[in-house]
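Letter by letter, the sequence shown follows residues 895 to 1220 of this note's numbering.
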Amino acid sequence: MTGDFTPDRAALRSWLPAFIALGAIWGSSFLFIKIGVEELHPLQLTLYRVAAGALTLLVVLAVLRDRLPREPRVWAHLTVVAAFGVAIPFTLFGYGEQRVESMLAGIWNATTPLIVLPLAVLVFRTERLTTRRAIGLGLGFTGVLVVLGVWEGIGGAHFIGQLMCFGAAACYGLAIPYQKRFVASSAHSGVSLSAAQLLIATAQLAIVTPLVAGAPPLPTELSPRVVASVLTLGALGTGLAFVINLRNIRIIGASTASTVTYLIPVFAVLIGAVVLGERLNWHQPVGALIVLLGVAVSQGLIGRRRTTPVGVGTPAVPAAEPATPR
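(1) Just checking my contact of G1000 with A1069 at CB under 8 Å: how many whole Å lie between their CB atoms?
(2) Leaving out the 5 sequence neighbours to the left and right, which residues in its chain are closer than 6 Å to G924 when beta-carbon positions are compared?
(3) Among L1031, G1055, P1159 and G1032, whose alpha-carbon lies nearest the alpha-carbon of L1042?
(4) Given this structure, state the Cα-to-Cα distance separating L1093 from E1046, to the nearest angstrom.
(5) On the premise that V1085 lies in contact with V954, defined as a C-beta separation below 8 Å, what is that separation, rounded to the nearest angstrom?
(6) What does the alpha-carbon distance come out to for the pair A1081 and W969?
(7) Any contact between the stretch 1134–1149 and the stretch 905–925? By contact I mean 3 or more CB pairs, one from each, below 8 Å.
(8) From the DSSP output, in three-state form, read off Q1193 for me.
(9) Consult DSSP for P936 and reduce its assignment to one of helix, strand or coil.
(10) For F1018, name the three-state secondary structure that DSSP assigns.
(11) How big is the Cα-Cα spacing for G930 and L937?
(12) Determine, for K928, whether the minimum Cβ-Cβ distance to residues of chain D falls below 9 Å.
(13) Should the stretch 958–973 be regarded as contacting the stretch 1024–1042, the criterion being three or more beta carbon pairs within less than 8 Å?
(14) Would you mind stating whether G1166 and G1037 have Cβ atoms separated by less than 9 Å?
(15) So T1096 packs on A948, CB below 8 Å; how close in whole Å?
(16) Rounded to the nearest angstrom, how far is the Cβ of V1077 from that of L972, given a contact under 8 Å?
(17) Buried or exposed, going by whether 16 or more other CB atoms sit within 10 Å of the CB of I1143?
(18) From this set, R1022, G1108 and L1112, which residue's C-alpha is nearest H935's C-alpha?
(19) Does N1139 pass the burial test, meaning 16 or more other C-beta atoms within 10 Å, or should it be called exposed?
(20) Where does the unbroken alpha helix (DSSP H) through S1083 begin, and where does it stop?
(21) Identify, in the order they occur along the chain, each residue of the same chain with its Cβ nearer than 8 Å to the Cβ of L941, setting aside the five sequence neighbours on each side.
(22) Is V994 helix, strand or coil by DSSP?
(23) Tell whether a beta-carbon distance below 9 Å holds between F913 and V1154.
(24) Just to confirm, are G1194 and F926 a CB contact at a threshold of 9 Å?
(25) Can L1031 and L1016 be called in contact, C-beta distance under 9 Å?
(26) Beta-carbon within less than 8 Å of C1121's beta-carbon, same chain only, minus the 5 sequence neighbours each way: which residues are those?
Printed below as a string of structure tokens:
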């Protein structure tokens, strides 16, 4: 199955429900992060989330009778991907959502492809910069400035929170081309590589978290609301959602599957408004539309269909086949 595959309408029912469900799962992640940081330090929340996701994928591996990678080289590269594709961005989103609305964090997640492309072109040499992509990048970063509302001045906790969310997207932007350059050619399955990645991230966080935030509280010391949010983030949003994404890739191809990026901020905004009663300033959704327009142009979804996906935001997931890193 290649990234150029376009499904016919008769096949819609075989993939569209799962596609929409995936957008809802990843879009709701920002709600659960917002709830989690009410009682947990962002590092503690990330540790619990990643550990739950790792356990979920280990169960999937056992069911599929697959195994973890054995090559030291693969584990070494996954250590980098685990740090910049999981541990750091998950934590930055947690810090950011202590200061900004969950829906705004979802909008910032959509800027990931804007970071991926210049790094893929200039650093990892896995993409070429064309006029179309340059125009898309220009539009996208104009949208970033509109979301930030730079004309209102720079500073304050809200602005810092937005920068933290943008920093999380930038981490994904580094991890995605890195895994494409050094990991994607591995013969291991995407589930195997992702399980290994989450295990490494769990180990990284287990070392750093007690030093920075103290030992995480026991689940019995947390409210049922927070425990449910952590389990949903880990088992569903970090574990099973990846399995759904792989299924979508096999059915409709990587290019079409990657367009779930456009659903994520929509669900994040809707869920934040309905569940938490959040509201955005006028320029934030307008800026988000400009960002998504820039991403669409840079990826060839407007003007000319793209052939090589550049990936989307939260977490970067290495895969043996073309994938939408999330």
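Glycine is no exception: its CB is placed at the ideal position from the N, C-alpha and C atoms.
On the basis of the coordinates in this document:
(1) Position 106 of the sequence shown, counted from the start, is the residue given in the question as residue 1000. Position 175 of the sequence shown, counted from the start, is the residue given in the question as residue 1069. Taking 8 Å as the upper bound for CB-CB distance, G1000 and A1069 are not in contact here, some 19 Å apart.
(2) The residue given as residue 924 occupies position 30 in the sequence shown. For the sequence presented, residue 924 should be read as Phe rather than Gly. The residues are S996, A999, G1000 and A1162.
(3) Within the sequence shown, the letter at position 148 stands for residue 1042. When only C-alpha atoms are compared, the closest one is G1055.
(4) On the sequence shown, position 199 is the one that residue 1093 refers to. On the sequence shown, position 152 is the one that residue 1046 refers to. Separation of L1093 and E1046 (C-alpha to C-alpha, rounded to the nearest whole angstrom) is 43 Å.
(5) In the sequence shown, residue 954 corresponds to position 60, counting from 1. In the sequence shown, residue 1085 corresponds to position 191, counting from 1. Rounded, the Cβ-Cβ distance is 6 Å, consistent with contact.
(6) Sequence index remark: in the sequence shown, residue 1081 carries index 187 (1-based). Sequence index remark: in the sequence shown, residue 969 carries index 75 (1-based). Distance from the CA of A1081 to the CA of W969, rounded to the nearest whole angstrom, comes to 13 Å.
(7) yes
(8) If you number the sequence shown from 1, residue 1193 lands on position 299. Coil, per DSSP.
(9) For the purposes of this step, residue 936 is taken as the residue at position 42 of the sequence shown. Residue state, collapsed to three classes: helix.
(10) Along the sequence shown, read from residue 1 onward, the residue named residue 1018 stands at position 124. Reduced to three states, the DSSP call for F1018 is coil.
(11) Start at 1 with the first residue of the sequence shown, and residue 930 comes out as number 36. Start at 1 with the first residue of the sequence shown, and residue 937 comes out as number 43. When rounded, the distance between both Cα atoms is 11 Å.
(12) Absence of chain D from the displayed structure is noted, only one protein chain being present.
(13) no
(14) Counted from its first residue, the sequence shown places residue 1166 at position 272. Counted from its first residue, the sequence shown places residue 1037 at position 143. No, the pair does not count as a contact, with Cβ atoms beyond the cut-off.
(15) Start at 1 with the first residue of the sequence shown, and residue 1096 comes out as number 202. Start at 1 with the first residue of the sequence shown, and residue 948 comes out as number 54. So it is a contact: roughly 5 Å between Cβ atoms.
(16) Numbered from its first residue, the sequence shown carries residue 1077 at position 183. Numbered from its first residue, the sequence shown carries residue 972 at position 78. Yes, they are in contact, since the Cβ atoms of V1077 and L972 sit about 7 Å apart, within 8 Å.
(17) Working through the sequence shown from its first residue, we reach residue 1143 at position 249. By the 16-neighbour rule on beta-carbons within 10 angstroms, I1143 is buried.
(18) Here residue 935 is taken as the residue at index 41 of the sequence shown, counted from 1. Ranking R1022, G1108 and L1112 by CA distance to the CA of H935 puts G1108 first.
(19) Taking the first residue of the sequence shown as position 1, residue 1139 is located at position 245. With 16 or more other Cβ atoms within 10 Å, it is buried.
(20) To locate residue 1083, count along the sequence shown from 1; it is residue 189. Unbroken run through S1083: none, as it is neither H nor E.
(21) As a working mapping, residue 941 is identified with position 47 in the sequence shown. Counting only Cβ-Cβ distances below 8 Å, and skipping sequence neighbours, we find T1096, L1099, A1100, T1103 and P1110.
(22) Here residue 994 corresponds to residue number 100 of the sequence shown, with the count starting at 1. Correct three-state label for V994: coil.
(23) Position 19 of the sequence shown, counting from 1, holds the residue named residue 913. Position 260 of the sequence shown, counting from 1, holds the residue named residue 1154. Cβ distance < 9 Å, so F913 and V1154 count as in contact.
(24) Counted from its first residue, the sequence shown places residue 1194 at position 300. Counted from its first residue, the sequence shown places residue 926 at position 32. No, Cβ-Cβ distance for G1194 and F926 is not below 9 Å.
(25) Locating residue 1031 in the sequence shown gives position 137, counting from the first residue. Locating residue 1016 in the sequence shown gives position 122, counting from the first residue. Contact flag unset, no.
(26) Working through the sequence shown from its first residue, we reach residue 1121 at position 227. What sits at residue 1121 in the sequence shown is Val, not Cys. Contacts found: P1113.
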